[in-house]
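Here's the structure we're looking at; comments come further down.
Residue numbers (our numbering): 807 to 1145.
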């Protein structure tokens, strides 16, 4: 008896994978060109990308709040060396120097990496996420919306890890989440809040608490180890304004004042506000909002809310909320499994 084989649906492959990939690459080119304009061989953007290019001794003197993001800065330094090698061999359209190539390719590369996961999971529906991420990132990197446009090595890696977390959370791949949180801590410590997800697992409460405590301890251990290695003076360093002796120098007070402007209500191209005011299409959306609350509180207390790139982590949460409400639950029919 002959075994029946399922014919390959080439039209479906084109619409599900090929077209979204072409658009993702096109959007990445736009980001590449935009970020190349922002890049400059001076200022904070340059300092962060080149912080590890001269060795650890100089890195020990780096800004305290940035030092623990060691994995981001180390990979950025590697990208610097690769960019120097590429431009020594050939020319690259759009860019004028290794600094532009480094920062532009870093941003476009992490964006494409996020898109690959999204395309595999959401297929043709990934277009909604691709354009949504472009809108959110563009809002954060448009210089006229803030005093100065900055692109830091941890901006897009944080977006990537929150995106992967979202996809794993939807699929209930809790042990994979358990594994990626410690890794992501070295890129940006905001991923620590993802430990809260274990409270929302579909398992007995005893297992929820165990995984929450275990994940938090493992993440904290990674953070403390990195802090010790880079000579950071305190655990979970939070940024405040230079004169710490005055209460008004905490970001909380200036952030409350900044709410008088209109732009903070349109963070991530308006998706952050939409995320919180839209009704919960399913339990996943409710859980995402509960996870997002400590992130928002942390930014209001310890970040400059009008430095809009610090909100990138919330982009995938907001897009999923809108997607689930407008187009329905992406698990029906079931999406492909990662692992």
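C-beta atoms are modelled at their ideal positions from N, C-alpha and C, and glycine is treated no differently.
Distances from the alpha-carbon of residue 903 to those of 891, 914, 1029 put 891 closest. A residue is called buried when at least 16 other Cβ atoms come within 10 angstroms of its Cβ; residue 992 meets this threshold and is buried. About 15 Å separates the Cβ atoms of residue 872 and residue 859, ruling out a contact at the 8 Å cut-off. The Cβ-Cβ distance between residue 943 and residue 1121 falls below 9 Å.
1017 is the residue among 961, 963, 1084, 1017 whose C-alpha sits nearest the C-alpha of residue 979. The DSSP-derived three-state label of residue 947 is helix. Spanning the alpha carbons of residue 823 and residue 939 requires a straight line of approximately 18 Å. Taken in chain order, the complete alpha helix (DSSP H) segments of 4 or more residues contained in the segment 923 to 1000 are 932 to 947, 961 to 976, 980 to 991. Given a length threshold of 4 residues, each whole run of the alpha helix (DSSP H) inside the segment 872 to 914 is given here in chain order: 876 to 895.
Around the beta carbon of residue 912, 16 or more other beta carbons sit within 10 angstroms, so the residue counts as buried. The count of Cβ pairs closer than 8 Å, one atom from the segment 823 to 839 and one from the segment 913 to 931, reaches three, so the stretches are in contact. Between the C-alpha atoms of residue 876 and residue 889 there is a straight-line separation of about 20 Å.
Ranking 972, 1134, 981, 1062 by CA distance to the CA of residue 1098 puts 972 first. With 16 or more other Cβ atoms inside 10 Å of its own Cβ, residue 1136 counts as buried. Contact between residue 1086 and residue 1092 holds: CB atoms are separated by about 4 Å, below the 8 Å threshold. The C-beta separation of residue 1021 from residue 987 comes to about 6 Å, placing the pair in contact by the 8 Å criterion. Less than 9 Å separates the beta-carbon of residue 994 from that of residue 963. Counting only runs of 4+ residues, the alpha helix (DSSP H) found wholly inside the segment 1099 to 1133 occupies 1121 to 1133, in chain order. Relative to residue 905, the option among 1128, 839, 937 whose CA is nearest is 839.
Sequence-distant Cβ neighbours of residue 974 in its own chain, meaning closer than 6 Å and more than five residues away, are 982, 983.
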